[in-house]
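Presented below is the structure to which this report refers.
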Amino acid sequence: MALIKCPECGAEVSERAFTCLKCGYPINPQLFQIIRVAPPSPPPLPPETPKPPVGLKTKVCAEIISWAIILSLGIIIWRVAFPSENSLTPAKSAAISSTKVTSTAPAAVKVDARELFNDYSVNATAADSKYKGQILKVSGRVLEISKDPLLNNAVVRLEASSLETPSVRCSFSSAAIPELSELKRGDWVFLEGKGTTMILGSPTLADCSLTAP
Ligand SMILES: [Zn+2]
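What the sequence shown shows, in our numbering, is residues -15 to 197, in sequence order.
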């Protein structure tokens, strides 16, 4: 058994002593504590018993929080899935109205000059309900380009059948005349204009302008 010096008073004590015999300094605090603390064991218990309620509280809190998260997520999903008219932001409603406008107004009806003429010769009334007042995008071969100095407009006649006489008449306003200078008989063109009706045996378009295919 070795002897050590007491760190408090310097007296020689056994290394296995609990306390210094001279000054009472704890040499082996672990042993000292076990012996000293063991008798009054009830005190450590009380602080342990209040712990379960705390754990329970945090458990309840966690449950409340998770339910709140689930509920708010549910509300968000509901809003996304069923957006009411009132909840629309100005940007959203503007986008919707603009798409409505674009889908109704400039939807040009694509039609070939021969098809247009054929529709009018088969049933002019049915053709009118299909083309009259619509923006038509007509493709066809140029038969004739004429200028009317009195009305100050130009008329492009498009081939409508294998015969020369029937044609689709497309009138261009004075502003659109310059773009016709490059055009010649036999050219294949695409033009856009407002469908009117059959005039003197020719389906007629007003306010025409040349367009890309
Ligand atoms: Zn001592």
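Ideal Cβ positions, reconstructed from N, Cα and C, are used throughout, including at glycine.
May I ask you to report which of helix, strand or coil DSSP gives residue i?
i: residue 71; result: At residue 71, the pLDDT of 49 sits below 50, so the modelled position is not reliable and the matter cannot be decided from this model.
i: residue 169; result: coil
i: residue 200; result: Because the chain here runs from -15 to 197, residue 200 falls outside it and cannot be looked at.
i: residue 143; result: strand
i: residue 11; result: coil
i: residue 175; result: strand
i: residue -7; result: coil
i: residue 92; result: coil
i: residue 1; result: coil
Between residue i and residue j, how many whole angstroms is the CB-CB distance? I'm expecting something under 8 Å.
i: residue 178; j: residue 119; result: 6 Å
i: residue -14; j: residue -1; result: 5 Å
i: residue 152; j: residue 97; result: 4 Å
i: residue 193; j: residue 176; result: 6 Å
i: residue 126; j: residue 169; result: 6 Å
On a Cα-Cα basis, can you pick out the residue from the options that is closest to residue i?
i: residue 101; options: 141, 137, 47; result: 141
i: residue 134; options: 175, 157, 150, 96; result: 157
i: residue 197; options: 98, 124, 174, 108; result: 174
i: residue 186; options: 104, 176, 44; result: 104
i: residue 188; options: 3, 0, -4, 111; result: 111
i: residue 137; options: 113, 3, 164; result: 164
i: residue 122; options: -12, 3, 92, 150; result: 92
i: residue 115; options: 94, 169, 132, 124; result: 94
i: residue 161; options: 64, 132, 149, 143; result: 132
i: residue 99; options: 150, -8, 63; result: 150
i: residue 108; options: 146, 183, -11, -12; result: 183
i: residue 113; options: 63, 180, 42; result: 180
i: residue 144; options: 172, 14, 6; result: 172
i: residue 1; options: 13, 146, -6; result: 13
Could you give the first and the last residue of the continuous beta strand (DSSP E) run that contains residue i?
i: residue 156; result: 151 to 156
i: residue 5; result: That residue, residue 5, is in no beta strand (DSSP E); it is neither H nor E in DSSP.
i: residue 272; result: The requested residue 272 is not part of the displayed model; the chain covers only -15 to 197.
i: residue 121; result: 119 to 132
i: residue -11; result: -13 to -11
If you follow the alpha helix (DSSP H) that residue i is part of, which residue opens it and which one closes it?
i: residue 114; result: 108 to 115
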